[in-house]
Amino acid sequence: MSSDARTDQMKTLSPKRNTSSATTAAELTAEQLKHFHIEPDTEYGQTLSRVVERMYESQGDISHLWQLTLESMNSLDQNDRIQRFNAKKFLSFQLAKILDTLQHPFRKSYQSLGYKSETMAAKGPYPVFDNVTALFSATPVITRTATYIYACAEWIEDAFRGKELMLEIYSRLLNPTSVCLANHIVDLEAGDYAAEYMAWNFNSGMAAIDSALAHLLGRDDILITSRNIYGGAYQLIHDWYAKDGNLEISVETFDGYTSEEFAPFLASVQKKYADRIAQGRKIYIYLESPSNPQGYVLDVAGISKIAHQHDLKVILDATVGTPFLYRPLNRKDPDERPDFVIHSYTKDLSGCGAVIAGCVIGKNNDMFIPKGQSMNGRSWDETMFWNVYYIKGAFLNADAAFEVMQGMKTLTVRMLRKCINTQILADFLNSHADIQVNCNGVQGNANSELREENLYLGLPAPLFTFDMGDIQRDAFQRFFDSLSPTFGHMISLGQSNTIVSCPSLTTHSELNEDALKDSGLTSTTVRCAVGDEDPIDLIRHFVHAARGTIDLACPGYSDGFMNEADTRQMIRDRYTSTHLAHVESQLERSGGQPWF
0 MSSDARTDQM
10 KTLSPKRNTS
20 SATTAAELTA
30 EQLKHFHIEP
40 DTEYGQTLSR
50 VVERMYESQG
60 DISHLWQLTL
70 ESMNSLDQND
80 RIQRFNAKKF
90 LSFQLAKILD
100 TLQHPFRKSY
110 QSLGYKSETM
120 AAKGPYPVFD
130 NVTALFSATP
140 VITRTATYIY
150 ACAEWIEDAF
160 RGKELMLEIY
170 SRLLNPTSVC
180 LANHIVDLEA
190 GDYAAEYMAW
200 NFNSGMAAID
210 SALAHLLGRD
220 DILITSRNIY
230 GGAYQLIHDW
240 YAKDGNLEIS
250 VETFDGYTSE
260 EFAPFLASVQ
270 KKYADRIAQG
280 RKIYIYLESP
290 SNPQGYVLDV
300 AGISKIAHQH
310 DLKVILDATV
320 GTPFLYRPLN
330 RKDPDERPDF
340 VIHSYTKDLS
350 GCGAVIAGCV
360 IGKNNDMFIP
370 KGQSMNGRSW
380 DETMFWNVYY
390 IKGAFLNADA
400 AFEVMQGMKT
410 LTVRMLRKCI
420 NTQILADFLN
430 SHADIQVNCN
440 GVQGNANSEL
450 REENLYLGLP
460 APLFTFDMGD
470 IQRDAFQRFF
480 DSLSPTFGHM
490 ISLGQSNTIV
500 SCPSLTTHSE
510 LNEDALKDSG
520 LTSTTVRCAV
530 GDEDPIDLIR
540 HFVHAARGTI
550 DLACPGYSDG
560 FMNEADTRQM
570 IRDRYTSTHL
580 AHVESQLERS
590 GGQPWF
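For the sequence shown, numbering that gives the first Met the number 0 begins at 0 and goes up steadily by one.
Shown next as structure tokens:
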């Protein structure tokens with residue numbers, strides 16, 4: 000690290016970081032004591048001076064340590080990586096111990112101010128005194144606060160410009176618990192490329208979708224959407240963004256799944272809106288994969304590559320797949336990655352149905368640049384933080400962020416079981432000649448190849464639909480109502496229990512009759528969001544529900560499923576083969592390097 004760079008790093012600790020003319024740690028120390036009116040010749044001043052000067056020097060050294068870490072990490076073997084991690088971990092404890100030791104004279108100074116009891120009660124405990132040990136909580140701390148103490152005038156000025164992220168001004172903007180979750184989802188989603196991405200958390204998945212669209216879309220722009228998207232997103236796009244008097248965007252629906260289908264479709268859209276594009280309007284692409292309600296998969300990588308060849312941005316809602324099944328940002332070729340990835344944390348990421356939350360993940364320079372600066376030709380006010388997040392206020396509170404992180408700890412075991420259950424339930428229903436199962440996990444489904452190519456182990460997403468065939472509506476309704484309680488009657492997906500709903504009456508009720516037909520939905524289509532239960536309980540209840548309702552109108556209907564012996568064998572085969580494939584995948588992903 001050059002001497003100038005070291006000086007710049009040391010200056011970040013100064014209360015006069017933006018106006019200081021000091022060039023050494025000693026000069027910065029003298030300047031700081033003068034700023035706080037501390038006599039340097041007293042024993043107190045001399046002691047404080049020694050501490051402060053060493054802090055400035057340490058800041059320079061730790062910044063150099065960060066640089067060395069970036070330069071050397073990829074070349075280190077596993078032993079060195081473990082040793083360096085633990086050396087830095089212990090250094091963190093040492094720095095915290097110094098801060099903890101400082102709290103004793105700090106608290107004594109506070110107590111000496113002589114506040115009356117009314118003032119002490121109104122102020123409450125000064126939080127810095129007792130928060131140091133919270134740094135080492137085994138789970139992220141729930142930071143329940145609206146605002147934060149700041150250090151000094153120049154530091155808070157930098158904070159408002161986005162140049163000092165340690166000072167979190169207001170929890171509507173940044174909150175430590177929410178930031179922890181944002182960093183965590185980026186690590187899970189982007190893997191080796193996590194350093195290139197960041198996330199903003201929102202108070203719902205819909206708020207995340209709205210923010211991504213609001214960040215990009217302008218008046219009279221064109222939005223291409225995949226056919227099967229969440230009904231709420233459909234309504235937002237068609238009833239707000241396309242509404243007369245709002246942004247009046249044009250919406251074009253892509254009915255295919257592959258890049259080969261997308262290329263000519265894009266060309267037709269470009270031709271249709273050539274005049275508008277010539278006037279500066281833009282095309283954006285909004286995809287959902289795996290999609291709601293059938294769980295079908297799009298060739299997101301291929302579609303993104305084509306879009307980027309035309310300098311178009313791609314938004315992907317990847318809620319249904321989660322990073323367990325599908326990691327679109329983890330592809331080696333950046334052109335094959337969507338520009339923004341959306342998750343509704345409410346679903347399988349949290350997995351418990353107890354929290355409403357969402358996020359948007361994007362490239363660093365699309366998400367945040369400090370005020371007044373630019374990066375790679377992009378101005379600070381063109382980033383999502385300043386353009387949307389900073390002003391709309393749809394932030395995620397600390398308690399909700401904590402709930403999501405707790406749920407994410409069991410993501411792998413939950414999703415693996417759900418995907419196996421999905422395959423079992425779809426196979427069982429597909430054994431009935433009168434039931435049409437819309438799941439890419441069943442044999443012969445046209446979407447199976449894309450599932451195999453894109454999803455982990457080729458597993459189906461835990462979401463599909465089925466139609467019961469030509470049965471009387473009254474019999475269907477009695478059957479559907481009889482699915483409770485083994486199949487939950489509720490409106491969501493991604494919970495620990497299996498949920499059934501009729502999309503045309505619920506999640507996709509915003510679609511008109513033609514749109515429902517184009518999406519492959521009828522009045523008797525059942526959407527099944529599969530949970531973690533024992534699949535035997537699900538199958539047994541389904542058959543008994545059919546026997547007690549549909550059989551009254553269609554005698555023998557329930558006899559059309561595979562027999563019990565075949566069902567038992569099918570369950571055994573699915574569980575053993577998938578778990579074996581999962582273990583083999585883990586071994587393969589550990590790489591060809593020696594383990595130890």
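All C-beta atoms, glycine included, are put in the ideal place defined by N, C-alpha and C.
(message) Cutting at 8 Å between CB atoms, please list the residues of its own chain near Y389, excluding the five before and the five after it.
(response) For this step, residue 389 is matched to residue 390 along the sequence shown. If we look at Y389 and ignore the five residues flanking it on each side, its Cβ neighbours are L172.
(request) Under 8 Å by Cβ, that's how I've got L315 and L286 pegged, so tell me the actual separation to the nearest angstrom. (result) Position 316 of the sequence shown, counted from the start, is the residue given in the question as residue 315. Position 287 of the sequence shown, counted from the start, is the residue given in the question as residue 286. Confirmed, Cβ separation roughly 5 Å.
(message) Assuming L180 and A400 are in contact, meaning their beta carbons sit under 8 Å apart, how far apart are those beta carbons, in whole angstroms?
(response) Counting from one through the sequence shown, the residue named residue 180 turns up at place 181. Counting from one through the sequence shown, the residue named residue 400 turns up at place 401. Yes, L180 and A400 are in contact; Cβ-Cβ is about 4 Å, under 8 Å.
(message) Could you give the first and the last residue of the continuous alpha helix (DSSP H) run that contains D186?
(response) Stepping through the sequence shown from its first residue, residue 186 is reached at position 187. Its alpha helix (DSSP H) spans residues P175 to A189.
(request) Give me the Cα-Cα distance between W385 and F201, rounded to the nearest whole angstrom. (result) Within the sequence shown, residue 385 is the residue found at index 386, counting from 1. Within the sequence shown, residue 201 is the residue found at index 202, counting from 1. Approximately 15 Å between the Cα atoms of the pair.
(message) Once the 5 residues before and after L187 are set aside, which same chain residues still bring their CB inside 7 Å of it?
(response) As a first step, residue 187 must be located in the sequence shown, where it is residue number 188. P322, listed in sequence order.
(request) Assuming N444 and Y256 form a contact by the criterion Cβ under 8 Å, report the distance between their Cβ atoms to the nearest whole angstrom. (result) On the sequence shown, position 445 is the one that residue 444 refers to. On the sequence shown, position 257 is the one that residue 256 refers to. The Cβ separation is near 11 Å, so there is no contact.
(request) Report the three-state DSSP secondary structure of K370 (helix, strand or coil). (result) As a position in the sequence shown, residue 370 is number 371, starting the count at 1. Of the three classes helix, strand and coil, the one that applies to K370 here is coil, per DSSP.
(request) Rounded to whole angstroms, what's the CA-CA distance from G457 to R16? Just pull it up for me. (result) Numbered from 1 along the sequence shown, position 458 holds the residue referred to as residue 457. Numbered from 1 along the sequence shown, position 17 holds the residue referred to as residue 16. One alpha carbon belongs to G457, the other to R16, and they sit about 54 Å apart.
(message) Quick check on this structure: which residue in R160, A460, P104 and E30 has the alpha carbon closest to the alpha carbon of W379?
(response) For the purposes of this step, residue 379 is identified with residue 380 of the sequence shown, where counting begins at 1. Out of R160, A460, P104 and E30, the CA that lies nearest to the CA of W379 is found in R160.
(message) Could you compute how far the alpha carbon of L579 sits from the alpha carbon of L586?
(response) Taking the sequence shown and counting its residues from 1, one reaches residue 579 at position 580. Taking the sequence shown and counting its residues from 1, one reaches residue 586 at position 587. Those two C-alpha atoms are separated by around 11 Å.
(message) Given this structure, state the Cα-to-Cα distance separating L216 from N245, to the nearest angstrom.
(response) The sequence position of residue 216 within the sequence shown is 217, counting from 1. The sequence position of residue 245 within the sequence shown is 246, counting from 1. Between L216 and N245, the C-alpha separation is close to 11 Å.
(message) Going by DSSP in three states, M165 sits in which element: helix, strand or coil?
(response) Taking the sequence shown and counting its residues from 1, one reaches residue 165 at position 166. The answer is coil: DSSP assigns M165 none of H, G, I, E or B.
(request) Would you kindly check if the distance between the Cβ of T464 and the Cβ of T548 is under 7 Å? (result) By 1-based counting over the sequence shown, the position of residue 548 is 549. By 1-based counting over the sequence shown, the position of residue 464 is 465. The answer is no: Cβ separation not under 7 Å.
(message) Can you check which of these residues, V268, F261 and S258, is closest to V250 by C-alpha distance?
(response) Position 251 of the sequence shown, counted from the first residue, corresponds to residue 250. Closest option to V250, Cα to Cα, is V268.
(request) With a 10 Å radius around its C-beta and 16 neighbouring C-beta atoms as the bar for buried, classify A86 as buried or exposed. (result) Along the sequence shown, one-based indexing puts residue 86 at 87. Per the 10 Å Cβ criterion, exposed.
(request) From the DSSP output, read off the bridge partner residues of G555. (result) Your numbering for residue 555 matches position 556 in the sequence shown. The partner list for G555 (beta bridge, DSSP) is empty, contrary to what the question assumes.
(request) Mind checking which residues open and close the beta strand (DSSP E) that includes F201? (result) On the sequence shown, position 202 is the one that residue 201 refers to. It spans Y196 to F201 - the beta strand (DSSP E) in which F201 sits, taken as one unbroken run.
(message) Relative to the C-alpha of T23, which candidate in R53, E38 and T41 has its C-alpha closest?
(response) Position 24 of the sequence shown, counted from the start, is the residue given in the question as residue 23. Taking only the C-alpha atoms, the option nearest T23 is R53.
(message) Quick check on K107: does DSSP put it in helix, strand or coil?
(response) One-based indexing of the sequence shown puts residue 107 at position 108. In the three-state reduction of the DSSP assignment, K107 falls in the helix class, which pools H, G and I.
(message) Using the three-state DSSP reduction, which class does N446 fall into: helix, strand or coil?
(response) The count along the sequence shown starts at 1 and reaches residue 446 at position 447. Coil, per DSSP.
(request) Enumerate, from N- to C-terminal direction, the unbroken beta strand (DSSP E) stretches of 3 or more residues contained entirely within the stretch 497 to 541. (result) For the stretch 497 to 541, whole beta strand (DSSP E) runs of length 3 or above, ordered along the chain, are 498 to 500 and 524 to 528.
(message) Counting only C-beta atoms, is I549 closer than 7 Å to chain B at any point?
(response) Considering every chain present, this structure includes no chain B. It has just one protein chain.
(request) Return the Cβ separation of Y55 and M9 in integer angstroms, given the expectation that the two are a contact with Cβ distance under 8 Å. (result) The count along the sequence shown starts at 1 and reaches residue 55 at position 56. The count along the sequence shown starts at 1 and reaches residue 9 at position 10. The Cβ separation is near 4 Å, so the contact holds.
(request) Express the C-alpha separation of Q102 and H36 in angstroms, rounding to a whole number. (result) Taking the sequence shown and counting its residues from 1, one reaches residue 36 at position 37. Taking the sequence shown and counting its residues from 1, one reaches residue 102 at position 103. The alpha-carbon atoms of H36 and Q102 are separated by roughly 20 Å.
(request) Have a look at A137 and K122 and give me their C-alpha separation to the nearest angstrom. (result) In the sequence shown, residue 137 corresponds to position 138, counting from 1. In the sequence shown, residue 122 corresponds to position 123, counting from 1. Looking at the two C-alpha atoms, the distance is approximately 29 Å.
(message) Assess contact between the stretch 332 to 344 and the stretch 128 to 143, defined as three or more Cβ pairs (one per stretch) separated by less than 8 Å. Is contact present?
(response) In short, these stretches do not touch, since the Cβ pair count stays below three.
(message) On the DSSP bridge list, what partners appear for T146?
(response) Here residue 146 refers to the residue found at position 147 when the sequence shown is read from its first residue. T146 is bridged by DSSP to Y169.
(request) Tell me where the alpha helix (DSSP H) around I490 begins and ends. (result) For the purposes of this step, residue 490 is taken as the residue at position 491 of the sequence shown. Here I490 belongs to no alpha helix (DSSP H), and DSSP marks it neither H nor E.
(message) Quick check on this structure: which residue in I305, F105 and S177 has the alpha carbon closest to the alpha carbon of V140?
(response) Translated into positions along the sequence shown, residue 140 becomes position 141. When each option's Cα is compared against that of V140, the closest is S177.
(message) Using 7 Å as the threshold, is the C-beta distance between R143 and A514 below it?
(response) Your numbering for residue 143 matches position 144 in the sequence shown. Your numbering for residue 514 matches position 515 in the sequence shown. Their beta carbons are not under 7 Å apart, which means R143 does not touch A514 by this criterion.
(request) Mind checking which residues open and close the alpha helix (DSSP H) that includes T411? (result) Indexing the sequence shown from 1 puts residue 411 at position 412. First-last of the alpha helix (DSSP H) with T411: L410 to N429.
(request) Name the two residues that bound the continuous alpha helix (DSSP H) containing Y574. (result) Taking the first residue of the sequence shown as 1, we reach residue 574 at position 575. Here the alpha helix (DSSP H) through Y574 covers E563 to R588.
(request) Measure from the alpha carbon of A277 to the alpha carbon of each residue in N182, D220, Y149 and F479, then state which is nearest. (result) Locating residue 277 in the sequence shown gives position 278, where the first residue counts as 1. Taking only the C-alpha atoms, the option nearest A277 is D220.
(request) Examine the Cβ distances between the stretch 432 to 444 and the stretch 472 to 485 and report whether three or more of them are shorter than 8 Å. (result) The stretch 432 to 444 vs the stretch 472 to 485: no contact.
(message) Tell me the residue span of the beta strand (DSSP E) that contains I118.
(response) The count along the sequence shown starts at 1 and reaches residue 118 at position 119. A quick correction: the sequence has Thr, not Ile, at residue 118. It is not in any beta strand (DSSP E) - T118 instead sits in the alpha helix (DSSP H) that spans S116 to K122.
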